[in-house]
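S.K.:
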């Protein structure tokens, strides 16, 4: 967490913390850090994929604006 203190808006650091929370199954914290990474770097593919993993269809609906029929 020293890296976060040194650069709290670094999207890579935020992503890595989110990924660690995801691996520890703390999905709410993982979502928060992935979202923060995207605030600081919109379009950050790793963070987008992280959110998709922890939110599933909920994130797809938000990202696309509507849910496509399957």
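In the numbering used here, the protein residues as written are 24 to 93.
We put the beta carbon where it would ideally sit given N, CA and C, even for glycine.
Since the structure is predicted, the reported quantities are computational estimates derived from the model, not experimental observations.
Starting from the C-beta of residue 27, find all residues in its chain whose C-beta is less than 6 Å away, skip the five residues before and the five after it, and write them out in chain order.
M.R.: Once the five neighbours on either side are set aside, the close Cβ partners of residue 27 are 36.
S.K.: Classify residue 64 as helix, strand or coil using the three-state DSSP reduction.
M.R.: Three-state DSSP puts residue 64 in coil, outside helix and strand.
S.K.: Need the endpoints of the alpha helix (DSSP H) that residue 31 sits in, please.
M.R.: From DSSP, residue 31 is part of no alpha helix (DSSP H); its letter is neither H nor E.
S.K.: Just to confirm my understanding: we take residue 59, look at its own chain, exclude 5 residues before and 5 after, and list those with CB closer than 6 Å. What are they?
M.R.: Cβ within range, chain order: 37.
S.K.: Where residue 40 and residue 65 are concerned, what is the direct C-alpha to C-alpha distance, given to the nearest angstrom?
M.R.: Cα to Cα, residue 40 sits roughly 17 Å from residue 65.
S.K.: Does the beta-carbon of residue 31 have 16 or more other beta-carbons within 10 angstroms, so that it is buried, or is it exposed?
M.R.: Looking at its Cβ environment, which holds fewer than 16 other Cβ atoms inside 10 Å, residue 31 is exposed.
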